[in-house]
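Peer 1:
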Amino acid sequence: MPDTQLEHAQTLIKLGQPEQDDWALSRHEEALPGQRPVIVPLALWLDHAGDEGLAPWLPSDTELTPELAERLAAAPLIAIDFPAFTDGRGYSLARLLRERYGYGAEVRAIGDVLVDQLYYMSRCGFDALALREDQHLEDALRALGAFSVSYQPAVDSQEALFERRLKEQKGA
Amino acid sequence: MYRYDTYDQTLVDERVAQFRDQMARHLAGRLPEEEFRPLRLQNGLYIQKHAPMLRIAIPYGMLSATQLRRLGEITRRYDRGYAHFTTRQNLQLNWPALEDVPEILAELAEVQMHAIQTSGNCIRNTTSDQFAGIARDEVEDPRPWCELIRQWSTLHPEFAFLPRKFKIAVTGAAADRAAIQVHDIGLRLWHDDQGELRVKVLAGGGLGRTPMIGDVVREDLPWQHLLTYLEACVRVYNQFGRRDNKFKARIKILVKALGIEEFRRRVDAEWAHLKDGPQTLTREAVEAARAHFIEPERRPVAEDAIAAVEALRGENRAFGRFVTNNVTDHKVPGYKAVTLSLKRREHAPGDVTADQLDAVADLAERYSFGEVRVTHEQNLVLSDVPVDELETLWRELDELGMANPTVGTLNDIICCPGGDYCGLANAVSIPIAQALQERFEDLDFLYDLGPLDLNISGCMNACGHHHVGHIGILGVDKKGEEYYQISLGGNASDDASLGKILGPSFFREDVPEVIDKVLKVFVEQRHDDETFLDTYRRIGLKPFKERVYA
Chain A
7 MPDTQLEHAQ TLIKLGQPEQ DDWALSRHEE ALPGQRPVIV PLALWLDHAG
57 DEGLAPWLPS DTELTPELAE RLAAAPLIAI DFPAFTDGRG YSLARLLRER
107 YGYGAEVRAI GDVLVDQLYY MSRCGFDALA LREDQHLEDA LRALGAFSVS
157 YQPAVDSQEA LFERRLKEQK GA
Chain B
-8 MYRYDTYDQT LVDERVAQFR DQMARHLAGR LPEEEFRPLR LQNGLYIQKH
42 APMLRIAIPY GMLSATQLRR LGEITRRYDR GYAHFTTRQN LQLNWPALED
92 VPEILAELAE VQMHAIQTSG NCIRNTTSDQ FAGIARDEVE DPRPWCELIR
142 QWSTLHPEFA FLPRKFKIAV TGAAADRAAI QVHDIGLRLW HDDQGELRVK
192 VLAGGGLGRT PMIGDVVRED LPWQHLLTYL EACVRVYNQF GRRDNKFKAR
242 IKILVKALGI EEFRRRVDAE WAHLKDGPQT LTREAVEAAR AHFIEPERRP
292 VAEDAIAAVE ALRGENRAFG RFVTNNVTDH KVPGYKAVTL SLKRREHAPG
342 DVTADQLDAV ADLAERYSFG EVRVTHEQNL VLSDVPVDEL ETLWRELDEL
392 GMANPTVGTL NDIICCPGGD YCGLANAVSI PIAQALQERF EDLDFLYDLG
442 PLDLNISGCM NACGHHHVGH IGILGVDKKG EEYYQISLGG NASDDASLGK
492 ILGPSFFRED VPEVIDKVLK VFVEQRHDDE TFLDTYRRIG LKPFKERVYA
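Residue numbers (the working numbering), protein chains in the order written: chain A, 7 to 178; chain B, -8 to 541.
#1: Does T315 of chain B come out as helix, strand or coil in the three-state DSSP assignment?
#2: In chain order, what residues of the same chain lie with their CB nearer than 6 Å to the CB of R241 of chain B, ignoring the 5 residues before and after it?
#3: Using a beta-carbon distance cut-off of less than 8 Å, what residues from the region 142 to 163 of chain A approach chain B?
#4: Run down chain A in chain order and give the residues with a C-beta less than 7 Å from the C-beta of E337 of chain B.
#5: Measuring only between beta-carbons, confirm whether G52 of chain B sits less than 9 Å from chain A.
#6: Taking the alpha carbon of S156 of chain A as the reference point, which residue from B:L146, B:A169 and B:K470 has its own alpha carbon closest?
#7: Which one of B:D211, B:Q121, B:V225 and B:R60 has the shortest CA to CA distance from I140 of chain B?
#8: Can you list, in chain order, the residues of its chain with a C-beta nearer than 6 Å to that of L465 of chain B? Leave out the 5 residues immediately preceding and following it.
#9: Tell me whether the region 82 to 93 of chain A and the region 115 to 127 of chain A touch, counting them as touching only if at least three CB pairs, one residue from each stretch, are closer than 8 Å.
#10: Could you list which residues in chain B have their beta carbon closer than 8 Å to that of F132 of chain A, in chain order?
#11: Strictly below 7 Å CB to CB, what residues from chain A border W143 of chain B?
#12: Hey, how far is the Cα of N482 of chain B from the Cα of T526 of chain B?
#13: Could you name the residues of the same chain whose beta carbon sits closer than 7 Å to that of D132 of chain B, not counting the 5 residues immediately before and after it, in chain order?
#14: Go through its chain and collect everything with a Cβ distance to G463 of chain B's Cβ below 6 Å, but skip five positions before and after it.
#15: Under 8 Å by Cβ, that's how I've got A339 of chain B and H75 of chain B pegged, so tell me the actual separation to the nearest angstrom.
#16: With 7 Å as the C-beta to C-beta threshold (strictly closer), list the residues of the region 261 to 272 of chain B near chain D in chain order.
#17: Do we get a CB-CB distance below 9 Å when we pair L167 of chain A with the residues of chain B?
#18: What residue ranges within the region 353 to 435 of chain B form continuous alpha helix (DSSP H) runs of no fewer than 4 residues, ordered along the chain?
#19: I'd like the span of the alpha helix (DSSP H) that includes P72 of chain A, first residue to last.
#20: Looking at the unbroken alpha helix (DSSP H) that takes in F535 of chain B, where does it start and where does it end?
#21: Using a 10 Å radius around the Cβ and a threshold of 16 neighbouring Cβ atoms, would you call L18 of chain B buried or exposed?
#22: For a contact meaning CB atoms closer than 7 Å, what does L120 of chain A contact in chain B?
#23: What in chain A is Cβ-close to T1 of chain B, meaning under 8 Å?
#24: Looking at I244 of chain B and A487 of chain B, is the spacing between their C-beta atoms short of 9 Å?
#25: Starting from the beta carbon of R16 of chain B, find every residue of chain A whose beta carbon is closer than 7 Å, and list them in chain order.
#26: With a Cβ-Cβ cutoff of 9 Å, do Q142 of chain B and Q158 of chain A count as a contact?
#27: Give the range of the beta strand (DSSP E) segment to which T162 of chain B is assigned.
#28: Applying the criterion that 16 or more other CB atoms from any shown protein chain within 10 Å of the CB defines a buried residue, is A514 of chain B buried or exposed?
#29: Could you name the residues of chain A that L36 of chain B contacts, counting a contact when the two beta carbons are closer than 7 Å?
#30: For the candidate residues B:L62, B:I107, B:V502 and B:D206, whose alpha-carbon lies nearest to that of P29 of chain B?
#31: Check whether the Cβ atoms of Q141 of chain A and A151 of chain B lie closer than 9 Å to each other.
#32: Could you check whether the Cβ of D87 of chain A sits closer than 9 Å to any Cβ belonging to chain B?
#33: Terminal residues of the continuous alpha helix (DSSP H) containing E252 of chain B?
#34: I want to see whether chain A comes within less than 9 Å of H147 of chain B, judged by CB atoms only; does it?
#35: Whole-angstrom Cβ separation of G168 of chain B and V192 of chain B, contact assumed at under 8 Å?
#36: Compute the beta-carbon to beta-carbon distance between D118 of chain B and Q83 of chain B, rounded to the nearest angstrom, for a pair I have assumed lies under 8 Å.
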């Protein structure tokens, strides 16, 4: 496969900051690109376990079984695809990777990644956000900081607000 | 009622700022309509037939006098001086200008209100019993639990893009006034033999295109696990609910496709990981929620005042009718809950004017501790009226046109805005309601019919809950013509059932005559003390069909 078909994230936000990206992305189901490092479809990655220049991307309908999660533990990063911004399955996948399976390396959102999803994504454990190419970086950075308070525990905070309130009352 | 602390206020203020930013980007062309759409919907903003529509959340139906006055001001300043209460305890403005909406939301936030998640494919406003906290048949006040659910579901980061909308209703009483069996998740609070609170969890109920009664996922969930269990249910839905066809995307389709056993197995497998996690409720957390719903300081009411009201019921026929139909018993002797009827011939069911909103705010302060509830039947309730003030309240309501003594009768029609306003509707619904109210306005006739729910929807999205009306009317479109399909035998309460379609649909002008024939069959065939629903369940659809299509 010619490497010209590879995608590069125009704008990557990592841990809240814009960052230069080394990883290319291939959506080709069968052909393994020559370039490294490269993110490839999950099935292809599973077939080439041991190639350290590869990382998998998961389609949004991936059923994250314990067996799959065990294999994914070795990945240098895991990307989760948003085929449409209205497809919310990726949020659950990211939380499962982080909270259930304790995956600690980069979890990257790819595909239809728009400014107004970023806050939710970061709460669900995505630490790298590959913005769709038409998105504005300034808008994105502003949207990430839209909220200073949240009710639910998620990956970013293990404490429900009701617990925090009780603690503060006791402390006061 | 629940009062915001600085966390709640900050979140709502930040939400307004976020939406202002989104609106600005949209108007500047940086956020195209198809991408703006889910964002505006999750802030209650629809683009309708004639104008935008803004749906404002009234969490589990509770409103303060201050909030009512602010709603009155907003309808005057940004709309045409009236608003519409919906079947899900929300309030809709029909004529706001698109660019004004961030400002409206900011003004709502000042009185601890918002429009968060009143539309869109997310967890919607949690609804409940309008008599919560005062009902005689209540075992547990559902409002603290609704508030815990409200907080859990508000801006839930994982569930903002579900396959479809998701509605939760909660009851804590013996009689279900929250229609929990026709919600995506219905919750019933009950006490076990040891007096421990448990939650019965139903899933997969719903109206719309494919109406279904919910199945029991769990009979006896211990209260500590309510939020983690809900999270497991919604996560299973988020992952496995259909996304290829919006008409098959509700959780009810998933529950039916998997079967309730397999759905329960998946929820339990998910829950096994979440159980006892950080959202597990503690007694302290529940007590903190309950502290927002304390009993008001009710003054004692003299015994002879109670007797005097009973005497007046006999003497004054109009007052007697009002008490019989619009006044509900209270758990505290000497107090009553009063339903303010929003069903008047000149107005669409559920509509209120700005002046009425102000007037109700005054009445709430003078008669009922400054609080009002919204019912899913599109009426309002003053929940704590001392009986010795009942007569003066009634006279004031009468002057306001809100004492129509027809609550629970055929005249108390549930109705969606329909084709007059709604972009989705196939047919008008308000004129049907008005034609029926005009035809069947004789009070003696209405009382003789007994309790009768007549529900009208202008399309199969079923906002008017026609499937669960004892008589349901559905507007349908056939080659650009409006027709009406009639169904019988639906019921939203404890023994919930879905109506059966009578037969081929009718022209708009024929609907009152058809309903008249249906009622005649009931009157002729009923046994003593039978309600319409009883008679229908005994004799079935056939006699009605034979008369109507004769």
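Positions of the beta carbon are idealized from the N, C-alpha and C atoms, including for glycine.
Peer 2: On the basis of the supplied data:
#1: Secondary structure of T315 of chain B (DSSP, three-state): helix.
#2: Around R241 of chain B: R155 and G197.
#3: Here the close residues are H142, D145, R148, A149, A152, F153, S154, V155, S156, Y157, Q158, P159 and A160.
#4: Going along chain A, no residue has its Cβ under 7 Å from E337 of chain B, so there is no contact; the nearest lies around 42 Å.
#5: Under the Cβ criterion of 9 Å, G52 of chain B is not counted among the residues facing chain A.
#6: Of B:L146, B:A169 and B:K470, the residue nearest in Cα terms is B:L146.
#7: Measuring from the Cα of I140 of chain B, the nearest candidate turns out to be B:V225.
#8: Contacts found: S448, H457 and Q476.
#9: The region 82 to 93 of chain A and the region 115 to 127 of chain A touch, with no fewer than 3 CB-CB distances between them shorter than 8 Å.
#10: Within 8 Å Cβ-Cβ: nothing; F132 of chain A doesn't reach chain B, min ~10 Å.
#11: Below the 7 Å Cβ cutoff, chain A contributes Y157 and Q158 as neighbours of W143 of chain B, in chain order.
#12: Here the C-alpha atom of N482 of chain B lies approximately 13 Å from the C-alpha atom of T526 of chain B.
#13: Cβ neighbours of D132 of chain B beyond the five flanking positions: A123, G124, G163 and F284.
#14: Closer than 6 Å at Cβ, skipping near neighbours: N446, H457, S478, G481 and G490.
#15: That pair is a contact at about 7 Å.
#16: Judged by its chain identifiers, the structure shown contains no chain D, and its protein chains are A and B.
#17: Answer yes: the Cβ-Cβ gap between L167 of chain A and chain B drops below 9 Å somewhere.
#18: DSSP assignment within the region 353 to 435 of chain B yields the following whole alpha helix (DSSP H) runs of 4 residues or more, N-terminal first: 381 to 391 and 421 to 430.
#19: Judged by DSSP secondary structure, P72 of chain A falls within the alpha helix (DSSP H) whose first and last residues are P72 to L78.
#20: First-last of the alpha helix (DSSP H) with F535 of chain B: K533 to V539.
#21: So L18 of chain B ends up on the exposed side.
#22: Going along chain B in sequence order, the residues near L120 of chain A (Cβ under 7 Å) are E26.
#23: Chain-order list of chain A residues neighbouring T1 of chain B: S154 and V155, by C-beta distance under 8 Å.
#24: In this structure, A487 of chain B keeps its C-beta atom at 9 Å or more from the C-beta atom of I244 of chain B.
#25: Using a Cβ-Cβ cut-off of 7 Å, R16 of chain B is close to D145 of chain A, given in chain order.
#26: Cβ atoms of Q142 of chain B and Q158 of chain A: closer than 9 Å.
#27: The continuous beta strand (DSSP E) containing T162 of chain B extends over residues I159 to T162.
#28: A small correction: the amino acid at residue 514 of chain B is Val; Ala does not occupy that position in the sequence shown. Exposed, by the Cβ-count rule.
#29: Listed along chain A is no residue with a C-beta nearer than 7 Å to that of L36 of chain B; the closest approach is about 14 Å.
#30: Considering only alpha carbons, the answer is B:I107.
#31: When the beta-carbon positions are compared, Q141 of chain A and A151 of chain B stay at least 9 Å from each other.
#32: By this cut-off, D87 of chain A is not an interface position.
#33: E252 of chain B -> alpha helix (DSSP H) spans I251 to L265.
#34: Judged by the 9 Å Cβ criterion, H147 of chain B is in contact with chain A.
#35: The amino acid occupying residue 168 of chain B in the given sequence is Arg; Gly does not appear at that position. Incorrect: roughly 18 Å between the Cβ atoms, too far for contact.
#36: Checking the sequence, you will find Thr at residue 118 of chain B rather than Asp. That pair is no contact at about 15 Å.
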